[in-house]
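Visitor: All residue numbers in the sequence shown are consecutive under the working numbering, ending with 268.
We put the beta carbon where it would ideally sit given N, CA and C, even for glycine.
Remember, predicted model here, so these are calculated numbers, not experimental data.
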Amino acid sequence: MKVAKYLIGAAGRKLSDPSLIIRKDYMFAMIAFMEGNVVKANEILSRPGMSELQDAEISTVTDAVQAWRNAGDDEKAKEFLKLSQEKLKGIEDGNEKTVSGMLVAKGEDAIGERRPQALEFNKIGLQKYTSKQYIAATDDFYQAYLLFPRELAFSLNLLQGLVDAELLFYKKVNTLEFLTELQNRYLNEGNKKRLEEIVSRITKKKDVYFISTLAKDETSQERDK
Numbered sequence: 044m045k046v047a048k049y050l051i052g053a054a055g056r057k058l059s060d061p062s063l064i065i066r067k068d069y070m071f072a073m074i075a076f077m078e079g080n081v082v083k084a085n086e087i088l089s090r091p092g093m094s095e096l097q098d099a100e101i102s103t104v105t106d107a108v109q110a111w112r113n114a115g116d117d118e119k120a121k122e123f124l125k126l127s128q129e130k131l132k133g134i135e136d137g138n139e140k141t142v143s144g145m146l147v148a149k150g151e152d153a154i155g156e157r158r159p160q161a162l163e164f165n166k167i168g169l170q171k172y173t174s175k176q177y178i179a180a181t182d183d184f185y186q187a188y189l190l191f192p193r194e195l196a197f198s199l200n201l202l203q204g205l206v207d208a209e210l211l212f213y214k215k216v217n218t219l220e221f222l223t224e225l226q227n228r229y230l231n232e233g234n235k236k237r238l239e240e241i242v243s244r245i246t247k248k249k250d251v252y253f254i255s256t257l258a259k260d261e262t263s264q265e266r267d268k
């Protein structure tokens, strides 16, 4: 901990940019919380500019989420979580988006925001599904699944959306592999029945899921020769 303080302090002495000073102060606040020095942490958080993060890097904003959550100010933590989510949408570089997404997800976990967001995506997806907008619904179910993958209802809705949209793949999900994954999870009787119904839909779409898969495999084999 002393080494971390020294490194942050040494870097801070070389910085004059206000945004970098704020970033350093949030790091010190987090260290103070980890040491149990709440008085020191709150003193740092009360410094001028600590709430002005519109131009800050996403890593600083996610540190702010954690810091204000530790300080017991959930409203401010949620405010900065929303800001970090908005900044995440504006990132185009794939690698940067992945790393930043992990930081934002950590903030969401810290204040218990992931499941409510997943429920909202799922709700919107169900509305689109009812209107037979299967591909659009699948995207919402996919977002709900990413936010809260252990919720079986979200997984089953995603699988059902994939099947009714007749999609072999959607982003990082392979429909048949996803089916196998769900078949290997523990399911209560209600979920088992629902999965069986989805499987019956898949078997009725052999031209989509089996013939297309075979054709793809044969094409791959020809390329390998």
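(1) What does a CB cutoff of less than 8 Å around D152 pick up in its chain, not counting 5 residues either side in sequence?
(2) Using the Cα positions of K125 and P192, report the straight-line distance between them to the nearest angstrom.
(3) So, are the CB atoms of A99 and I65 less than 8 Å apart?
(4) Assuming K132 contacts I154 (C-beta within less than 8 Å), just tell me the rounded distance between them.
(5) In whole angstroms, what separates the C-alpha of F212 from that of A110?
(6) Report back the beta-carbon spacing between A187 and N165 to the nearest angstrom; my notes put them in contact at under 8 Å.
(7) Which word fits T218, buried or exposed, when buried means at least 16 other C-beta atoms lie within 10 angstroms of its C-beta?
(8) Excluding the 5 residues preceding and the 5 following L195 in the sequence, name in chain order all residues of the same chain whose CB lies nearer than 6 Å to its CB.
(9) Run through DSSP, which three-state label would Y229 get?
Guide: Reading from the atomic positions:
(1) none
(2) 21 Å
(3) yes
(4) The Cβ separation is near 19 Å, so there is no contact.
(5) 40 Å
(6) 4 Å
(7) buried
(8) N234
(9) coil
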